[in-house]
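Engineer: Residue numbers (our numbering): 4 to 282.
Cβ coordinates follow ideal geometry from the N, Cα and C atoms, glycine included.
Written out as structure tokens, the structure is:
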């Protein structure tokens, strides 16, 4: 199995990221996890373990994640994993075991007592890696998950107005397979939906070119947004919902419904955007 660069026996797998973070930066993906992954959390026989992988220079996203997931499972235990030991030391004053803990590690996803997480959120971690390293990172993280566990891997802008993520799980053969792509916008002031292309996950960000499926999705979104322009006077939410209905009517496999669309959120089947084979 290939993996991220920097893998050496006995050392955390991966390399140090920029560590940039801000309060509420990950609110969009957290909101989606509370809604879409609640069955995964509730299905855990004991307190579910969730990992915030590569949480950065501040403990804030770990603390926010614990608070939000507690609405589904009050006994959830969140572990912040960071490859930079100084960041782990900085975060320790915010630890509140067993609800919140911090530990040194990387894509091998070390968890105290060797417990397997049911959910790993890895945001703005793979942006610095090469595209051909993504599958290895997915495999390594998913190999650490509890049965039925989920890796949520994605990226967002600095203050969380644009965000995208992939739901990755292990198949029956043990391989990590993406299932869906989710996109989320702050609708107020949105000029065109394809602006989110600059914040696509690493597996797709270089694929927004003619001939690739995700490029087709970006173009279809922009066209549907323009068609829905007469609804702008009723608000951006009404316009966006109409655009997504149009998109679904064109045959795009939109997997969610109006309650999610009104939040500026869209989820599609991964097969609709998967990179085309090259070589």
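Look at the alpha carbon of residue 56 and the alpha carbon of residue 242, and state the distance between them as a whole number of angstroms.
Structural biologist: 35 Å
Engineer: Just to confirm, are residue 157 and residue 126 a CB contact at a threshold of 8 Å?
Structural biologist: yes
Engineer: In terms of residues, what are the limits of the beta strand (DSSP E) holding residue 66?
Structural biologist: Residue 66 -> not in any beta strand (DSSP E); alpha helix (DSSP H) instead, spanning 63–72.
Engineer: Is it a yes or a no for the region 84–91 touching the region 159–177, going by three-plus beta-carbon pairs under 8 Å?
Structural biologist: no
Engineer: Should residue 262 go down as buried or exposed, given a rule of 16 or more other Cβ atoms within 10 Å for buried?
Structural biologist: exposed
Engineer: Between the beta-carbon of residue 239 and the beta-carbon of residue 190, is there less than 8 Å?
Structural biologist: Cβ atoms of residue 239 and residue 190: closer than 8 Å.
Engineer: Looking only at DSSP bridge pairs, what is residue 181 linked to?
Structural biologist: 171
Engineer: Could you please give the first and the last residue of the uninterrupted alpha helix (DSSP H) stretch that includes residue 38?
Structural biologist: 30–39
Engineer: What is the rounded straight-line gap between the Cα of residue 212 and the Cα of residue 78?
Structural biologist: 45 Å
Engineer: Between which two residues does the beta strand (DSSP E) harbouring residue 238 extend?
Structural biologist: Careful: residue 238 lies outside any beta strand (DSSP E) and carries neither H nor E.
Engineer: Pull the bridge partners of residue 82 from the DSSP assignment, please.
Structural biologist: Residue 82 pairs with 54 and 104.
Engineer: Do residue 131 and residue 286 count as a contact pair if the criterion is CB distance below 8 Å?
Structural biologist: Outside the shown range of the chain, which is 4 to 282, sits residue 286, and nothing can be said about it.
Engineer: Taking all protein chains shown into account, do 16 or more other C-beta atoms lie within 10 angstroms of the C-beta of residue 268, making it buried, or fewer, making it exposed?
Structural biologist: buried
Engineer: Since I believe residue 223 is in contact with residue 253 (beta carbons under 8 Å), could you give me their beta-carbon distance rounded to a whole number of angstroms?
Structural biologist: 6 Å
Engineer: Please list, in chain order, all residues of the same chain as residue 181 whose beta carbon is under 6 Å from its beta carbon, the five residues on each side excluded.
Structural biologist: Once the five neighbours on either side are set aside, the close Cβ partners of residue 181 are 169, 171 and 273.
Engineer: Relative to the alpha-carbon of residue 28, which residue among 137, 214, 209 and 165 has its alpha-carbon at the smallest distance?
Structural biologist: 165
Engineer: With DSSP as the reference, identify every bridge partner of residue 126, one or two as the case may be.
Structural biologist: Residue 126 pairs with 157.
Engineer: Is the separation between the beta-carbon of residue 63 and that of residue 26 shorter than 8 Å?
Structural biologist: yes
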